[in-house]
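Worksheet: the structure to be examined is printed underneath.
In my numbering, the protein residues as written are 1 to 315.
Structure below.
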């Protein structure tokens with residue numbers, strides 16, 4: 001693609017992704033379709049950080065490297081989940097699971113985020129409160145479920161509709177008496193926010209699964225800070241125990257929900273409940289058909305441009 005002229009002062013969102021020579025052109029096209037402002041290519045096996053990058057291969061030319069580190073710049077206001085959803089829509093057969101996002105601006109982004117992050121309420125009594133903020137008066141009720149959060153570099157603060165939809169669902173389960181004493185699986189745990197909320201709402205134990213080691217670190221750290229470290233286990237997919245649970249929540253993208261449908265269905269006990277999120281409006285019909293093989297009473301809930309599907313595992 002042609003790199004666009006960009007003002008130096010503009011903040012960016014950088015996506016970094018490994019790919020092979022054979023698929024480089026398809027990845028680059030998908031990035032262009034998703035709105036990337038520029039794309040650079042570098043040798044993924046380079047031993048030195050100043051390895052020469054290819055900013056714009058000539059027409060019909062491809063790099064000589066077998067493994068490529070591909071970097072793309074998006075507008076600084078771009079939302080990572082929306083970028084991923086656009087990429088998967090552009091080429092559903094490509095693997096974007098190893099995409100990493102970094103904001104590019106000369107500031108401490110985590111601290112700046114925390115300075116702007118305010119306490120938020122979800123449902124009847126679930127509160128997400130940053131570490132540097134006092135508890136609101138409404139959050140000091142005896143039955144309030146307080147999650148003190150420092151998400152660090154992992155996704156999941158409660159501010160995104162996909163996470164909010166899941167928090168509302170967990171709060172409603174607790175209100176109906178369906179969460180107390182239960183074991184919960186949080187698949188795609190990010191910061192651990194959903195597992196933490198389940199524990200604070202009365203679940204007996206939780207396990208978080210994520211393919212990002214940084215998410216595992218963030219989940220464990222947040223569990224310790226919320227005094228539930230002994231009840232929350234966080235693991236990579238290869239270390240996930242083979243078990244089934246009465247409550248499962250999976251906040252990942254629609255393509256992953258589709259591919260993992262048999263796996264996630266097997267993780268829900270008969271009569272157990274599942275919530276699926278990370279779904280853009282318009283993607284729900286295919287997933288309703290897909291999960292209808294195993295689940296009854298599938299329901300759809302919308303928030304902004306995003307959708308949650310929840311249901312009950314057939315006996």
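For glycine and all other residues, C-beta sits at the position ideal for the given N, C-alpha and C.
Does the separation of the CB atoms of residue i and residue j fall below 8 Å?
i           : j           : result
residue 284 : residue 252 : no
residue 247 : residue 313 : no
residue 315 : residue 270 : yes
residue 17  : residue 86  : no
residue 186 : residue 249 : yes
residue 303 : residue 161 : yes
residue 30  : residue 94  : yes
residue 258 : residue 218 : no
If you follow the beta strand (DSSP E) that residue i is part of, which residue opens it and which one closes it?
i           : result
residue 146 : 145 to 149
residue 246 : 245 to 251
residue 16  : 12 to 20
residue 183 : 183 to 187
residue 127 : 126 to 130
In whole angstroms, what is the alpha-carbon distance linking residue i and residue j?
i           : j           : result
residue 75  : residue 102 : 12 Å
residue 27  : residue 42  : 14 Å
residue 119 : residue 215 : 22 Å
residue 133 : residue 180 : 28 Å
residue 169 : residue 273 : 10 Å
residue 172 : residue 307 : 17 Å
residue 301 : residue 12  : 32 Å
residue 36  : residue 184 : 38 Å
residue 123 : residue 131 : 21 Å
residue 68  : residue 23  : 10 Å
residue 237 : residue 254 : 18 Å
residue 230 : residue 145 : 18 Å
residue 96  : residue 137 : 43 Å
residue 201 : residue 232 : 14 Å
residue 78  : residue 88  : 16 Å
residue 167 : residue 206 : 15 Å
residue 264 : residue 135 : 36 Å
residue 129 : residue 147 : 6 Å
residue 295 : residue 19  : 36 Å
residue 188 : residue 211 : 7 Å
residue 57  : residue 90  : Residue placement at residue 57 is flagged as unreliable, the pLDDT there being 38, under the threshold of 50; the coordinate-derived value follows with that caveat. Near 21 Å, if we compare the C-alpha coordinates of residue 90 and residue 57.
residue 198 : residue 38  : 41 Å
residue 203 : residue 143 : 14 Å
residue 260 : residue 240 : 14 Å
residue 182 : residue 174 : 10 Å
Excluding the 5 residues preceding and the 5 following residue i in the sequence, name in chain order all residues of the same chain whose CB lies nearer than 7 Å to its CB.
i           : result
residue 305 : 280, 281
residue 222 : 149, 150, 191, 192, 196
residue 139 : 119, 127, 129, 146
residue 176 : none
residue 92  : 255
Apart from the five residues just before and just after residue i, which ones in its own chain have a Cβ nearer than 8 Å to its Cβ?
i           : result
residue 298 : 288, 291, 292, 309, 310, 311
residue 141 : 125
residue 244 : 266, 267, 268, 269, 272
Round the Cβ separation of residue i and residue j to the nearest angstrom and send it over; I've been treating them as touching at under 8 Å.
i           : j           : result
residue 228 : residue 209 : Between residue 209 and residue 228 the Cβ distance is about 17 Å, and since that is not below 8 Å, they are no contact.
residue 73  : residue 14  : 6 Å
Using a Cβ-Cβ cutoff of less than 6 Å, which residues in the same chain neighbour residue i once the five nearest sequence positions on both sides are dropped?
i           : result
residue 47  : Because residue 47 carries a pLDDT of 43, less than 50, the predicted location of this residue cannot be relied on, and no value is offered for it.
residue 194 : 166, 186, 249
residue 278 : 162, 251, 252, 253
residue 220 : 234
Quick one: give me the first and last residue of the alpha helix (DSSP H) that residue i is part of.
i           : result
residue 219 : 213 to 225
residue 25  : 24 to 33
residue 87  : 80 to 90
With a threshold of 7 Å, establish whether the CB of residue i neighbours any heavy atom of the ligand NAD.
i           : result
residue 267 : The ligand NAD is not part of this structure, which contains no ligands at all.
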